[in-house]
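K.L.:
2 protein chains.
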Amino acid sequence: MKSPTIYDVAEKAGVSIATVSKVINNTGRISDKTRKKVLSVMDELNYYPSVVASALTGKRTHMIGLLLPNLANPFYAELARNMEDRADELGYSLVICSTDYKEEKEQKYVSLLIRKRVDGFIITSGFNNVDLVQELLDHKIPVTLIAYNITRKSLNTVSVDDYTGGYQATAHLAELGHKRIAVITEQVQSSADRIRGYKTALNDFELLYDDNLFSEAQATVENGEKEAGKLLNLEDPPTAIFAFNDILAIGAMEAVHKRGLSIPEDVSIIGFDNTILAKHCYPPLTTMAQPLDEIGNQAVDLLVGEIESKITRKQRVMLSAELVIRDSTGPLKKKKKTNASDVSIQ
Amino acid sequence: MKSPTIYDVAEKAGVSIATVSKVINNTGRISDKTRKKVLSVMDELNYYPSVVASALTGKRTHMIGLLLPNLANPFYAELARNMEDRADELGYSLVICSTDYKEEKEQKYVSLLIRKRVDGFIITSGFNNVDLVQELLDHKIPVTLIAYNITRKSLNTVSVDDYTGGYQATAHLAELGHKRIAVITEQVQSSADRIRGYKTALNDFELLYDDNLFSEAQATVENGEKEAGKLLNLEDPPTAIFAFNDILAIGAMEAVHKRGLSIPEDVSIIGFDNTILAKHCYPPLTTMAQPLDEIGNQAVDLLVGEIESKITRKQRVMLSAELVIRDSTGPLKKKKKTNASDVSIQ
DNA sequence: TTGAAAGCGCTAACAA
DNA sequence: TTGTTAGCGCTTTCAA
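Going line by line, the protein sequences match chains A and B.
All residue numbers for the first sequence refer to full-length UniProt numbering, where the first residue is 1 and numbers rise by one.
All residue numbers for the second sequence refer to full-length UniProt numbering, where the first residue is 1 and numbers rise by one.
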């Protein structure tokens, strides 16, 4: 009933537990004969060495705590999947915890994972409690941050160039002739840089920043719809909306459609992330693609590097987002007062 | 540098480790004074009891291994998220492993999780290796299956009524007047029942089963598109396609669009799952909604019930899918040869 | 109400 | 090449 232990194996193989341990871990020198014997007994007994026990003797648990806002969000799900694969390649498993942007959950999960003695943490954007990160650092627990910088601290970090991303998205819209470009931002750290990019682009294209065209929401379709709705109800509504993630963008599309307007004829919409949703919504969403695989790989590599002390210096990896043009953005339509004679002949 | 142990706490609090252990676990009787003292020292020292150590003394690890085909698939991501929440409520964490429908990965992850001494397994559809499940059973490791029955064995199981689901989807199409209804099935166990439902419905509506209208693919958009493409290229193509999950359905939509046909005017499409994709694709997808929250809760409850031996008898929970009608299905269009006089006046 | 001590399954000196 | 043994941090009897 109880699973066999190293003692059972040792006894049955007629050797000491030290010998068994050595063949399990491929350490020390063991004669081929003994090794084979032990191996066959292990097999016969269906013996699975306990990582619990081995972790207690100072070895690692080979578990990584992954904190993200919401696993049901395709962006995070895709990211998590990439990290899972990379982690597995390096011999680690992921314990995934959704914080829902709530500090109490962050708190709870961090302490839970510390008690479980995970070897390190990967923390993604949307994490609010900086003190918690500091606590991990104090405990000398390796941490890698994704899309989330704490400039005052020295940390492993991987993120995309949000400033440029924000700039490019805005510029794309401006180049299409849009003058009133709204943003629906998200309350996460990467937003700040995207907003900077947005403002710089506005400036470069000689457009005025209008506070009315600025909104903020948590990443749900409903919120995107609500915020876009407000924007569209403005006296002088935007002709283009830059949503800081695909989910919000899709909500915005909903709002546009519900008003009987079309995309991109009446309103252009651009998202951010390039999740699976972007490809299959209607119309297909122009968006800034994040290199999710690269982000995941780098984050895991950095973390495991630190865990196994192969990397000693902290690194900040910056990747770039890329504009993917689909059908949700298009040239600014002429104003209503435009009459037939205005139509450019081409 | 090293994290404090129970000894550090005991020493600093001037008590024995047994006492500390008792206040940690709320066992035995401890005077209020000592308890407070110990608690304050724990806090002061930033002490986090090691579940690794406690697991070694026969306690649980409070970890559940969750095996699913692919976390990047929104269906599984949403399911996992629900289970994560429920597990957390009951004090458990999830270690999620994506098997990609590959037996070798199943094998690898199962033994990995056994070594990690997870308290139990939740295994979802798309798991191929029945022997592996048997092995877990032999080890007396609690297992709950989702959408995956092994009739010969006594197991905890939660699934939706796939037979009825398959029937309803097909009936919906048949009621709309469709005669040639194709299916794109998936190579998972639940497909069998859906196929039965499909065939029964065909029969009830006096339609003939046509082997040419039957295809099978793994759940990716690309595969859905490919299979639908083949179907559409048939001499006598289907006017309706029933895809066994939303992802395949979306691929099928793609194929229809690429041929310049419209949905549902030329081809009706129905999916299964009702993931976030279904709501926002174009046109919004009619689909059979799975009660993901119920499934997740039940699966976790069943598993934890067995782990904590509160439930002794195995249960099979069957939930039902529900038809959600959106815009991707519509009445059968009259044939091309139809002329004006055929148009019904209404 | 508290504590001493054995033991959980394994690793890693150190000896042999 | 193999074995003995002392921990790892905790739980749990059993005594005090």
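The C-beta atom is built at its ideal place from N, Cα and C for all residues, glycine as well.
Keep in mind that this is a model prediction, so the values were computed, not measured.
1. Taking its Cβ as the centre, do 16 or more other Cβ atoms sit within 10 Å of T185(A), making it buried, or is it exposed?
2. Give me the DSSP bridge partner(s) of L323(B).
3. Tell me the rounded alpha-carbon separation between G126(B) and L155(B).
4. Under 9 angstroms between beta-carbons, which chain A residues line up against E78(B)? List them in chain order, please.
5. Determine the direct distance from the alpha carbon of T57(A) to that of S54(B), and round the result to whole angstroms.
6. Is there a Cβ from chain B that is less than 8 angstroms from the Cβ of S268(A)?
7. In chain order, what residues of the same chain lie with their CB nearer than 6 angstroms to the CB of residue 368(A), ignoring the 5 residues before and after it?
8. Check V15(B) in the structure and name its three-state DSSP category.
9. How many whole angstroms separate the CB atoms of L213(A) and R259(A), which I take to be in contact at a CB cut-off of 8 angstroms?
10. Check the Cβ of I24(B) against every Cβ in chain A and list those closer than 8 angstroms, keeping chain order.
11. Can you grab the Cα-Cα spacing for the pair D301(B) / A289(B), in whole Å?
12. Relative to the alpha-carbon of V118(B), which residue among Y92(B), T99(B) and S268(B) has its alpha-carbon at the smallest distance?
13. Of the choices L68(A), E135(A), E206(A) and T164(A), whose alpha-carbon is the least far from that of G177(A)?
14. By DSSP's criteria, N156(B) is part of a beta bridge. Which residues make up the other side?
15. Please look up how many angstroms separate the CB atoms of H257(A) and I250(B), rounded, as I've assumed it's under 8 angstroms.
16. For K12(A), collect the residues of the same chain with a Cβ closer than 8 angstroms to its Cβ; drop the 5 residues on either side in sequence, then sort them by chain order.
17. Output the distance between the C-alpha atoms of T124(B) and A240(B), rounded to the nearest integer angstrom.
18. Got a sec: is the Cβ-Cβ distance from V95(A) to anything in chain B below 8 angstroms?
19. What are the residues that DSSP puts in a beta bridge with T124(A)?
20. Measure how close the beta-carbons of E104(A) and N128(A) come, nearest whole angstrom, since I'm counting them as under 8 angstroms.
21. Let me know if K2(A) comes out buried or exposed under the rule of 16 or more other beta-carbons within 10 Å of its beta-carbon.
22. Would you grab the beta carbon distance between T34(B) and V15(B) for me? Rounded to a whole angstrom, and I think it's under 8 angstroms.
23. Do L79(B) and I270(B) come within 8 angstroms of each other at the CB atom, strictly closer than that value?
24. Would you say K116(B) lies against chain A (beta-carbon separation less than 8 angstroms)?
25. Rank A171(A), A147(A) and V130(A) by C-alpha distance to the C-alpha of K153(A) and give the top, closest one.
26. Quick one: which unbroken beta strand (DSSP E) runs of 3-plus residues sit fully inside the stretch 229-317 of chain A? Chain order, please.
27. With burial defined as no fewer than 16 other Cβ atoms inside 10 Å of the residue's Cβ, what is the status of I325(A): buried or exposed?
28. Within 8 angstroms, do at least three Cβ pairs link the stretch 156-164 of chain A to the stretch 305-324 of chain A?
29. What are the start and end residues of each continuous alpha helix (DSSP H) run of 4 or more residues lying completely inside the stretch 51-129 of chain A, in chain order?
30. Going by the beta-carbon positions, is the gap between I263(A) and P237(A) smaller than 8 angstroms?
31. Identify, in the order they occur along the chain, each residue of the same chain with its Cβ nearer than 8 angstroms to the Cβ of G120(A), setting aside the five sequence neighbours on each side.
32. Please tell me whether D266(A) and K333(A) are closer than 8 angstroms, where the distance is taken between their beta carbons.
33. In chain order, what residues of the same chain have a beta carbon less than 8 angstroms from the beta carbon of V133(B), not counting five sequence neighbours either side?
34. Where do the ends of the alpha helix (DSSP H) carrying E44(A) lie?
35. Output the boundary residues of the beta strand (DSSP E) element that contains A182(A).
36. Taking 8 angstroms as the CB-CB limit, is Y198(A) close to chain B?
P.N.:
In this structure, then:
1. It counts as buried.
2. Bridge partners of L323(B): M288(B).
3. 17 angstroms
4. L71, A72 and A77
5. 13 angstroms
6. no
7. In the structure as shown, chain A begins at 1 and stops at 346. Residue 368(A) is therefore absent and cannot be evaluated.
8. coil
9. Incorrect: roughly 17 angstroms between the Cβ atoms, too far for contact.
10. Correct list: empty, because the minimum Cβ distance to chain A is about 10 angstroms.
11. 22 angstroms
12. Selected option, being the one with the closest Cα: Y92(B).
13. E206(A)
14. Looking at the DSSP assignment, N156(B) forms a beta bridge with T144(B).
15. In fact, because the Cβ distance is near 18 angstroms, the residues do not count as touching under 8 angstroms.
16. V41, E44 and L45
17. 29 angstroms
18. At least one CB atom of chain B sits nearer than 8 angstroms to the CB of V95(A).
19. I146(A)
20. With a contact defined as Cβ atoms closer than 8 angstroms, E104(A) and N128(A) miss out at about 10 angstroms.
21. exposed
22. Between the beta-carbon of T34(B) and that of V15(B) there is about 6 angstroms, and that keeps the pair under the 8 angstroms contact cut.
23. no
24. yes
25. The candidate whose alpha carbon is nearest that of K153(A) is V130(A).
26. Counting only runs of at least 3 residues, the stretch 229-317 of chain A fully encloses the following beta strand (DSSP E) elements, listed from N- to C-terminal order: 240-243, 268-273 and 286-289.
27. With fewer than 16 other Cβ atoms within 10 Å, it is exposed.
28. yes
29. Segments of the alpha helix (DSSP H) lying fully in the stretch 51-129 of chain A: 51-56, 74-89 and 103-115.
30. no
31. The beta carbon of G120(A) is closer than 8 angstroms to those of I64, G65, I141, P142, V143, T144, L303, V304, E306 and I307 in its chain, skipping five residues each way along the sequence.
32. yes
33. I123, F127, V143, L145, I150, K153 and L155
34. That run of the alpha helix (DSSP H) goes D32 to L45.
35. From DSSP, the beta strand (DSSP E) with A182(A) extends over I181 to T185.
36. So no, Y198(A) is outside the interface.
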